[in-house]
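J.: Sequential numbering of the sequence shown, starting at 44, is according to the numbering used here. Beta carbons are placed, not taken as given, at the ideal position from N, Cα and C, and that holds for glycine. Small disclaimer: the values here were computed from a predicted structure and weren't measured.
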Amino acid sequence: MQKQTNPEQAKNSFPEPSAEVKAHSDQLKQLIQDAIKAQDGKITFADYMNMALYAPGLGYYSAGLKKFGKQGDFITAPEISPLFSQCLALQCIHIMQQSNQQVLLEVGAGSGIMAIELVLELEKQAKLPEQYLILELSAELRDRQQQAIKARLPHLYERFMWLDCLPEKPFSGIVIANELLDAMPVHMLKLEQDTTRERYVALDDNNNFIWLDDSPENPRLQKIAENIRAVQQPLAHLNDKPDQPYITEVNLQAIDWIKSIADILTAGAILLVDYGYTAQEYYHPQRSMGTLMCHYQRHRHDDPFYLPGLQDITAHIDFSSIAQAANDCGLKVCGFTTQAHFLMAGGLVELTKNLDPDDIIHFTEVARQIKMLTLPEEMGELFKVILLAKDKTLSLPAFKLQNFQNRL
Ligand SMILES: C[S@@+](CC[C@H](N)C(=O)[O-])C[C@H]1O[C@@H](n2cnc3c(N)ncnc32)[C@H](O)[C@@H]1O
Numbered sequence: 044m045q046k047q048t049n050p051e052q053a054k055n056s057f058p059e060p061s062a063e064v065k066a067h068s069d070q071l072k073q074l075i076q077d078a079i080k081a082q083d084g085k086i087t088f089a090d091y092m093n094m095a096l097y098a099p100g101l102g103y104y105s106a107g108l109k110k111f112g113k114q115g116d117f118i119t120a121p122e123i124s125p126l127f128s129q130c131l132a133l134q135c136i137h138i139m140q141q142s143n144q145q146v147l148l149e150v151g152a153g154s155g156i157m158a159i160e161l162v163l164e165l166e167k168q169a170k171l172p173e174q175y176l177i178l179e180l181s182a183e184l185r186d187r188q189q190q191a192i193k194a195r196l197p198h199l200y201e202r203f204m205w206l207d208c209l210p211e212k213p214f215s216g217i218v219i220a221n222e223l224l225d226a227m228p229v230h231m232l233k234l235e236q237d238t239t240r241e242r243y244v245a246l247d248d249n250n251n252f253i254w255l256d257d258s259p260e261n262p263r264l265q266k267i268a269e270n271i272r273a274v275q276q277p278l279a280h281l282n283d284k285p286d287q288p289y290i291t292e293v294n295l296q297a298i299d300w301i302k303s304i305a306d307i308l309t310a311g312a313i314l315l316v317d318y319g320y321t322a323q324e325y326y327h328p329q330r331s332m333g334t335l336m337c338h339y340q341r342h343r344h345d346d347p348f349y350l351p352g353l354q355d356i357t358a359h360i361d362f363s364s365i366a367q368a369a370n371d372c373g374l375k376v377c378g379f380t381t382q383a384h385f386l387m388a389g390g391l392v393e394l395t396k397n398l399d400p401d402d403i404i405h406f407t408e409v410a411r412q413i414k415m416l417t418l419p420e421e422m423g424e425l426f427k428v429i430l431l432a433k434d435k436t437l438s439l440p441a442f443k444l445q446n447f448q449n450r451l
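1) Is Tyr200 near ligand 1 - that is, is its Cβ less than 7 angstroms away from at least one heavy atom of it?
2) By a C-beta neighbour count over all protein chains shown, 10 Å radius and 16 as the cutoff for buried, is Leu206 buried or exposed?
3) By a C-beta neighbour count over all protein chains shown, 10 Å radius and 16 as the cutoff for buried, is His460 buried or exposed?
4) Could you tell me the distance, in whole angstroms, from the CA atom of Asp283 to the CA atom of Tyr289?
5) Buried or exposed for Gly389, please, with buried defined as at least 16 other CB atoms from any protein chain shown within 10 angstroms of its CB.
6) For Val150, verify whether its CB is less than 7 angstroms away from any heavy atom of ligand 1.
7) Out of curiosity, what's the CA-to-CA distance linking Ala305 and Asn449?
8) With a cut-off of 8 angstroms on the beta carbons, I'd call Gly423 and Ala383 a contact; round off their distance for me.
9) Considering only residues of the same chain and omitting the five flanking positions on each side of Ala191, which have a CB-CB separation below 6 angstroms?
10) Distance, Cα to Cα, Lys302 vs Gly151?
11) Pull up the distance between the alpha-carbon of His344 and that of Leu394, whole angstroms please.
12) DSSP beta-bridge partners for Trp254?
13) Name the two residues that bound the continuous beta strand (DSSP E) containing Met336.
14) Taking 8 angstroms as the cut-off, decide whether the C-beta atoms of Thr334 and His359 are in contact.
15) Hey, how far is the Cα of Glu293 from the Cα of Ser128?
16) What I want to know is whether the C-beta of Asn31 ends up closer than 7 angstroms to one or more non-hydrogen atoms of ligand 1.
17) When we look at the beta-carbon of Leu315 and count the other beta-carbons within 10 Å, is it buried (16 or more) or exposed?
Shown next, in the form of C-alpha cells:
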C-alpha cells in the first residue's frame with residue numbers, strides 16, 4: 044500500500060519542458076514564493092496546492108496546457124469512452140423520474156466531453172433536461188467547454204449555461220461530478236505517536252520549496268486527526284512501523300463543498316465519481332505515506348514541488364468523510380459502489396449489446412474501453428460512485444449489483 048515511486052529517479056526520465064513552458068512554471072513559482080514570504084515563511088499545503096492548480100492564468104487547471112486525454116497528463120473515464128457518460132445519463136433519467144428533476148448541474152467539467160456524451164444520450168432517450176448548468180473554476184477550461192459543446196451540440200447549445208458560483212438557494216436538480224473532489228486542495232498531516240503536526244510549505248536558503256512540520260492552525264484538523272487515530276486503533280497490529288510518523292491528507296474543501304450543496308439543494312440528488320476508499324482503507328496503518336500523487340506528461344510521482352503549474356497534483360478521496368458530511372447536513376447516502384459495479388448494473392451491457400463483432404476494429408476498441416473502465420487493476424475498483432439525495436431515498440439500478448454503503 045506504500046507508494047513505490049522514487050521521485051529523484053523518476054524525474055530523471057521525465058521529458059524536459061521547453062524554455063517557454065519552464066518560464067511559465069518559474070512565474071508561478073515566484074508567485075508562491077512571494078506568498079510564503081508574505082506569510083511569515085510558511086503556507087499550508089492546501090494553499091500551495093490551490094495556487095499550483097488554480098492561480099489565475101498560471102495554475103495547472105487555469106493555464107492553457109493540454110491536460111486531459113491521450114495527449115494530456117492523465118486520462119479520465121469520460122475521455123476514455125462515451126459509455127461512461129451514457130451510463131451516467133441512464134442513471135440521471137432514473138433520478139429525474141423518481142424525484143421529478145429537470146435540471147442538471149455538472150461541477151468541474153474538464154474538456155466538456157462528459158456533458159456532450161451525457162446530453163446526447165439523454166436526447167436519444169427523449170429525456171432532455173430543461174437546462175444543463177456547468178460550474179467550472181478554470182476560465183480557460185470553461186472557454187474550452189463552450190467551444191466543444193457549440194461544435195458538437197449546436198442544436199442544444201441554448202440549454203447550456205455556465206455559472207460563476209453555486210446557484211442560489213432554493214435549487215433543485217441533479218448535481219454530477221467526475222474527478223472533482225480529488226482536484227481540491229488538501230491539508231497534509233503528520234501523525235506522530237503523541238503529537239499531530241501539519242505539513243506546511245516553506246523555502247530553503249536557495250528559495251526551493253521544502254516541507255515544514257508545525258502545529259495545525261485550524262482546529263478542525265486536530266479533531267480530524269483524533270478521528271483518524273480512532274479509525275487506526277483497531278488496526279494497530281497491522282502497523283509494521285509503529286515508531287514512524289504517519290503522513291496523510293485531509294480534504295476540508297470537499298467536506299465544505301458537500302455542505303454548501305446541501306445548503307442550496309431543496310430537492311434532487313448528487314452523484315459523484317472519484318478515486319478513493321472508505322476511512323478504514325484510507326487510513327490503513329500501512330498507507331503511511333498518504334495518497335498524494337502528481338501527474339506530469341503521463342508520469343506518476345509523488346513530488347508536489349516539481350515544476351508547479353505544469354503537473355497535476357491530486358489526493359484520493361476518503362468517502363467516509365463525504366458520507367459523514369452529507370449525513371451531518373441532512374443528505375441521505377443512497378448508494379456507494381465501485382465504478383465497475385456501477386457501470387455493469389447501470390446500463391453498460393444494454394448499451395453494448397448491439398455491437399457488431401464482425402466490425403473487428405470498432406469491436407476491439409470498445410472492448411478496450413470497457414476493460415479500462417471496469418477491470419480491477421485499471422479503474423474498476425479504485426474509482427467509486429456515491430449517490431446522495433436530499434428529499435427522499437432514491438433507488439438506482441446501478442447500485443443493485445453491489446451497494447457498499449454500510450462500509451462507509
Ligand atoms: C481532474 S479534472 C476532471 C475533469 C472532468 N470532470 C473529467 O472527468 O474529465 C477536475 C476539474 O474540476 C475543476 N474544479 C476543481 N475545483 C472546482 C470547484 N471548486 N468548482 C468547480 N470546478 C472545479 C477543475 O478546473 C477541472 O475542470
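T.: So, from the data block:
1) As a first step, residue 200 is located in the sequence shown; it is residue number 157 there, counting from the start. Result no, Cβ not under 7 angstroms from ligand 1.
2) Taking the sequence shown and counting its residues from 1, the one referred to as residue 206 is at position 163. Looking at its Cβ environment, which holds fewer than 16 other Cβ atoms inside 10 Å, Leu206 is exposed.
3) Not covered by the structure: residue 460. The range shown for the chain is 44 to 451.
4) Position 240 of the sequence shown, counting from 1, holds the residue named residue 283. Position 246 of the sequence shown, counting from 1, holds the residue named residue 289. Linking Asp283 to Tyr289 through their CA atoms gives a straight-line distance of about 12 angstroms.
5) As a working mapping, residue 389 is identified with position 346 in the sequence shown. Gly389 is buried by the Cβ-count criterion.
6) Translated into the one-based positions of the sequence shown, residue 150 becomes position 107. Yes.
7) Taking the first residue of the sequence shown as position 1, residue 305 is located at position 262. Taking the first residue of the sequence shown as position 1, residue 449 is located at position 406. Near 21 angstroms, if we compare the C-alpha coordinates of Asn449 and Ala305.
8) Translated into positions along the sequence shown, residue 423 becomes position 380. Translated into positions along the sequence shown, residue 383 becomes position 340. Their Cβ separation, rounded to whole angstroms, is 3 angstroms, which keeps Gly423 and Ala383 in contact under 8 angstroms.
9) Here the question's residue 191 lines up with position 148 in the sequence shown. Closer than 6 angstroms at Cβ, skipping near neighbours: Gly155.
10) As a position in the sequence shown, residue 302 is number 259, starting the count at 1. As a position in the sequence shown, residue 151 is number 108, starting the count at 1. When rounded, the distance between both Cα atoms is 17 angstroms.
11) In the sequence shown, counting from the first residue as 1, residue 344 sits at position 301. In the sequence shown, counting from the first residue as 1, residue 394 sits at position 351. Using only the alpha carbons, I get a separation of about 36 angstroms.
12) Taking the sequence shown and counting its residues from 1, one reaches residue 254 at position 211. Bridge partners of Trp254 according to DSSP: Val244.
13) The residue you call residue 336 lines up with position 293 of the sequence shown. Run containing Met336: Met336 to Tyr339, per the beta strand (DSSP E) assignment.
14) On the sequence shown, residue 334 is found 291 positions in, with the first residue counted as 1. On the sequence shown, residue 359 is found 316 positions in, with the first residue counted as 1. Yes, Cβ-Cβ distance for Thr334 and His359 is below 8 angstroms.
15) Counting from one through the sequence shown, the residue named residue 293 turns up at place 250. Counting from one through the sequence shown, the residue named residue 128 turns up at place 85. In the sequence as presented, Glu is not what sits at residue 293; that position holds Val. Straight-line Cα distance between these residues: approximately 29 angstroms.
16) Residue 31 falls outside the range modelled here, since the chain spans only 44 to 451, and no answer is possible.
17) Counting from one through the sequence shown, the residue named residue 315 turns up at place 272. With 16 or more other Cβ atoms within 10 Å, it is buried.
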